[in-house]
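Please read the structure below before turning to the comments.
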Amino acid sequence: MEATEQEPLDVESIRADFPILDREVGDGAPLVYLDNAATTQTPEQVIDVFSEYYRGYNANVHRGIHQLSQEASIAYEEAHDRLAEFIGADGREEVVFTKNTTESINLVAYAWGLNELGEGDAVVLSEMEHHSSFVTWQQIAERTGAEVRYIRVDDDGYLDMDHAAELIDEDAAMVSVVHASNVLGTVTPMRELADLAHDNDALILGDGAQSVPNRPVDVTDLDVDFYVFSGHKMAGPTGIGCLYGKQEVLEDMEPFLYGGDMIRRVTFEETTWNDLPWKYEAGTPLIAQGIGLAAAADYLDDVGMDAIQAHEERLTEYAYERLDEFDDVEIYGPPADDRGAVVAFNVDGIHAHDLASILNDHGVAIRAGDHCTQPLHQKLDIAASVRASFYFYNTMAEVDALVDSLDAARDIFG
Amino acid sequence: MEATEQEPLDVESIRADFPILDREVGDGAPLVYLDNAATTQTPEQVIDVFSEYYRGYNANVHRGIHQLSQEASIAYEEAHDRLAEFIGADGREEVVFTKNTTESINLVAYAWGLNELGEGDAVVLSEMEHHSSFVTWQQIAERTGAEVRYIRVDDDGYLDMDHAAELIDEDAAMVSVVHASNVLGTVTPMRELADLAHDNDALILGDGAQSVPNRPVDVTDLDVDFYVFSGHKMAGPTGIGCLYGKQEVLEDMEPFLYGGDMIRRVTFEETTWNDLPWKYEAGTPLIAQGIGLAAAADYLDDVGMDAIQAHEERLTEYAYERLDEFDDVEIYGPPADDRGAVVAFNVDGIHAHDLASILNDHGVAIRAGDHCTQPLHQKLDIAASVRASFYFYNTMAEVDALVDSLDAARDIFG
Amino acid sequence: MSMGSDMYRQQILDHYRNPRNNGELGDATFSHEGYNPSCGDELEFDVKLEGDGETIERVAFRGDGCAISQASASMLSQKLPGMTLAEVKELDRDDVLDMLGVEVTPMRIKCAVLSEKVVQDGAKIYEGEADVDQTSTEDDD
Amino acid sequence: MSMGSDMYRQQILDHYRNPRNNGELGDATFSHEGYNPSCGDELEFDVKLEGDGETIERVAFRGDGCAISQASASMLSQKLPGMTLAEVKELDRDDVLDMLGVEVTPMRIKCAVLSEKVVQDGAKIYEGEADVDQTSTEDDD
Ligand SMILES: Cc1ncc(COP(=O)(O)O)c(C=O)c1O
Ligand SMILES: Cc1ncc(COP(=O)(O)O)c(C=O)c1O
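Listed in order, the protein sequences are those of chains W, F, G and B.
As numbered in UniProt numbering, residues 1 to 414 make up the first sequence, in order.
As numbered in UniProt numbering, residues 1 to 414 make up the second sequence, in order.
As numbered in UniProt numbering, residues 1 to 141 make up the third sequence, in order.
As numbered in UniProt numbering, residues 1 to 141 make up the fourth sequence, in order.
Structure representation (structure tokens):
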């Protein structure tokens, strides 16, 4: 991972956009929010979209002739253009709004998988998939008779690419792999996987839930057929996600949800579908949320995705190194200088949930559990771990607060 | 329809909660918003939820031990209790949050229909279903080999209940009927349909998109198995809807979307599902939207659902009668005193879209088109209609503005 | 701010009430139909080419819809004869709006351009460059 | 505001480090297991009844999880002998919290009540009143 030479972020002034970061928890401990891989915080610029929308031009979109509907339609449709630009897609035709990453994956699994998969086909995942991809493909495979294969994750948390090349053979119909692991922090070689998939006439889906928020992503460079991510992990609102699909792939695919706005013509006998991307957006869409997500993309681009990545790498490296000083701490995944902005670990003799409860008393918000990757935890042979995850508004001092508060837990359990 | 003796609403003070209603459109015409069947406006009390949430306690729910996650989880889970109470369900187990009515229907169609329907089974709809139910069941039936039957709508816009009794026979597996038509305004005898369905061991789904916002609804009294509605039509936010399901029915049914939070345990071999309602809410849920919807239910209950219904009946009756004075106006559906808060009509010699454009110049926002009921429009043998639809913040003066502005269109097209 | 009422100039209303070239051609070289899902407007155009297989000799159309879509079809039907298919395919939204001579409000643009899209798609199908059953305005912008 | 650290009193830590009645019963009348999906805590209880088929003689449990879930199981295993199944089924959340003697923060309640729910479900299955493969705390409140 190249350490781009970046101007350090002005974190002080960025934090002013996030009033929640000034909050206290418990008995007055200042909040140290390090649960960003679960959900990021939302800047004023995005929050304001909701009052502007509902106070100014709330209306149903697409079909209204009156002015409110015109204004809402244009803003909602342009939000697709904005997201297309943000991830390097060709245009709004390639960007479908969903409610989250999970729905995006299910859309592909139902609309493509259920219709195209069968006996003799293989779906290739990795051992570190999030449940949203793991469970979905497992279930669709079971229904269709397809086989699921898991690319091995080696002891350092990297994908075993020899194993990948073995599994992605001519039976492979779909390769669905996480781009940045939400537990190990591993960043996978997405373009290499895409080439392997395409060499074998398979499609590839990249799970960008932990990459789009944290680093510049260009789906055209990655050459993926599908790419999925969530608004609530990239400074955007809850309840909105994206499915990117190559235009020709989305055109060929059957619809998923049926209803208003996704049809062209309906009779008692048959129905024809609307054009992209609306063919995949049935019913009244996530209007305010979509406009809010575009505002989040604006915000992130203003800060600068390169600068965000550089800042997060500094935080992550520092956190890793400070935690690594302790003999009773075990960190999972690749080395300090080659990972996304998450550090999952355990402290000897202290269960992850107990640790998280005690850290919460010190204002430190981290996640404890299996992080929706039970199979990976089975492989690591641990029931749970704690995970600290960073965003561009976090500071080195917050990393220190995390590390220092571990002592409180050691005192209790020591 | 009984005209409950109700205190008249204090519409003046209600309107103060909806700043958008003070807006102007075009060359300074005051907005007359009569497109409420498409989307209702949102009061300050609901808008405020978003800034309170994002500024105060935004976090991922269910699995977090830290305080923000506790606060968000409790608020999000209690939002289910609130909606259960609002529609007379037994508890949160029976209330699943979806993104809209359309997704709620698709959930049932995929999770129940795709698994349970087959050749020899019939799905019974009405001729006035919205595309969200019409297209969905049509497609699922085509995939499963089931037959779709349509209960006739008579010339006055009522369901032909003799025909219903004929169609709902022992082959019927699902009856899916709109509770209040979004075009004709017809209110269907949902309980009678439920009894017919249950006598034949069929399930029944009520489409409450146009009833939950406008009248007291008690799903237990209606004895429906499923009931669906959208937040954006009931003073709530976009991007949230509900699926009500009887607990035993939801327990028996397979899940729909797969992913995090809907599972209990995942291994490389198999997966078990979470308890209700979370089994049907995969991925990071619509947290802010769900809390916002509960605030909308609070708001509506403060105004009073009986008072809302009574006020809307007055508006609708008045609008119908004023429009009915003109020989060049044709109104569709039941008589003035027996309908929901929508009046769809056409003016002779003026296409619906031209009418809507001209009315917009006078600030009057109405919808023109097929209102996502193309088959009903084919039956009525019209390409389009205009539709005025009311909510509790509308006034008699706004009805006058609608009727008076028709003259401007007549002047142009006369 | 363009006003909706401004769209209904006398010329538009005249074409709407008395559409030119309304009907069918018995000897059409090709025909094509289109639909505007946001309005329900429908149009079907018949096109007869000259012997060069390139220049439009005559057109006729049938349709149902709002004043804007039908007037636009009528006016276009007068403009097409003498144009080559290559020229037809070059037409863009602005040409249509110029032809109409009124300011079309944003939500009605699709009504205005339906006729142009139908004829263009018809030409493309005829020349083997496209394969659409029915033109739709949804993918317009 | 109850603090997370307050949960870890000496007694809780002692039961966590030295769980009582840890192990298996060779002669169990019934056994049942449970899982807390929000934490990953697991517990399996073996219960041996007296000759009356009603009164608990001995219990043993095995488990894996956080201090709260394991201490709660250990403490409950001491409380159960001598109770009838009817009494066990009457236990509620407050009894468990009283037994623990600490304030449990809201997100940890499920850890605390897992042991109680496992034994209750086991009793119900034994008496033919319920049919669950594995107890889960999700449907708890
Ligand atoms: C009767 C009826 N059913 C279903 C729907 C679909 O609702 P949504 O677009 O929120 O999914 C609507 C609203 O358009 C409706 O009026
Ligand atoms: C790698 C990865 N994939 C998918 C998801 C699912 O995202 P969501 O819960 O927003 O659907 C997450 C987030 O939890 C994730 O980290």
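Yeah, the Cβ is synthetic: ideal placement off N, Cα and C, and Gly gets one too.
All values reported here derive from a predicted model rather than from experimental measurement.
For His163(W), the distance from the CB to the nearest heavy atom of ligand 2 is not below 6 Å. Separation of Glu24(B) and Gln78(B) (C-alpha to C-alpha, rounded to the nearest whole angstrom) is 15 Å. Against chain B, the CB of Arg82(F) has no partner CB under 7 Å away; the residue lies outside that interface. Beta-bridge partners assigned by DSSP to Leu13(G): none are found. By the CB criterion at 7 Å, Val124(W) and Ile168(W) fall inside the cutoff. Counting along the chain, Arg322(W) sits inside the alpha helix (DSSP H) bounded by residues Met305 to Asp324. When C-alpha distances from His80(F) are compared across Arg92(F), Ser69(F) and Asp225(F), the shortest belongs to Arg92(F). Neighbours of Ile412(F) across chain G, judged by C-beta separation under 8 Å: Ser5, Tyr8 and Leu13. When the alpha-carbon of Leu114(B) is set against those of Gly26(B), Leu43(B), Ile125(B) and Gly122(B), the nearest one is in Leu43(B). Contact of Gly34(G) with chain F is not assigned, every C-beta pair being separated by 7 Å or more. Leu276(F) places its beta carbon 7 Å or farther from that of Leu293(F). Within the region 150-178 of chain F, the residues whose Cβ lies closer than 9 Å to some Cβ of chain W are Tyr150, listed in chain order.
Per DSSP, Thr271(W) lies in no alpha helix (DSSP H) segment; the continuous beta strand (DSSP E) that holds it begins and ends at Thr271 to Trp273. Interface with chain G (7 Å Cβ-Cβ cutoff): Asp275(F) is excluded. In this structure, ligand 1 has no non-hydrogen atom nearer than 6 Å to the beta-carbon of Thr373(F). Between Thr101(F) and Ser132(F), the CB-CB gap stays under 7 Å. In this structure, Ala72(W) has its beta carbon at no less than 6 Å from each heavy atom of ligand 1. Taking the C-beta atoms as reference points, His15(G) is found no nearer than 7 Å to Asp121(G).
Counting only runs of at least 4 residues, the region 54-126 of chain F fully encloses the following alpha helix (DSSP H) elements, listed from N- to C-terminal order: 67-87 and 101-108. Beyond the five residues adjoining it in sequence on each side, Ile287(W) comes within less than 7 Å, by CB distance, of Val61, Ala72 and Tyr76 in the same chain, given in chain order. Taking 7 Å as the cut-off between beta carbons, the residues of the region 351-378 of chain F near chain G are His351, His353, Asp354, Ser357, Ile358, Asn360, Asp361, Gly369 and Asp370, in sequence order. With a threshold of 6 Å, the Cβ atom of Ala288(F) does not count as near ligand 2, since no heavy atom of the ligand is closer than that.
In this structure, DSSP gives His179(F) a state outside helix and strand, which the three-state scheme calls coil. Of all residues in the region 88-115 of chain G, the ones placed with a Cβ closer than 9 Å to any Cβ belonging to chain F are Thr105, Met107, Arg108 and Cys111, in chain order. Tyr258(W) and Thr136(F) do touch by the CB rule: their CB atoms are close to 4 Å apart, below 8 Å.
Shown here for Asp17(W): same chain residues with a beta carbon closer than 7 Å to its own, the five before and five after excluded, namely Pro43, Glu44 and Gln45 in chain order.
Not one heavy atom of ligand 2 is found less than 6 Å from the C-beta of Gln247(F).
Burial is judged here by how many other beta carbons sit within 10 angstroms of a residue's own beta carbon; Asp92(B) has fewer than 16 and is exposed.
Contact between Thr144(F) and Leu117(F) holds, with the beta-carbon distance rounding to 4 Å and staying under 8 Å. Rounded to the nearest angstrom, the Cβ distance from Gly369(W) to Phe413(W) is 18 Å, too far for a contact under 8 Å. Under the three-state reduction of DSSP output, Met161(F) falls in the helix class. Unbroken alpha helix (DSSP H) stretches of 4 residues or longer found wholly inside the region 206-293 of chain F: 219-222 and 247-252, given in chain order. At least one heavy atom of ligand 2 lies less than 6 Å from the C-beta of Asn100(W). Ala67(B) places its beta carbon less than 7 Å from that of Asp354(W). Here Leu43(G) carries a strand assignment [DSSP, helix/strand/coil]. Secondary structure of Pro106(G) (DSSP, three-state): helix.
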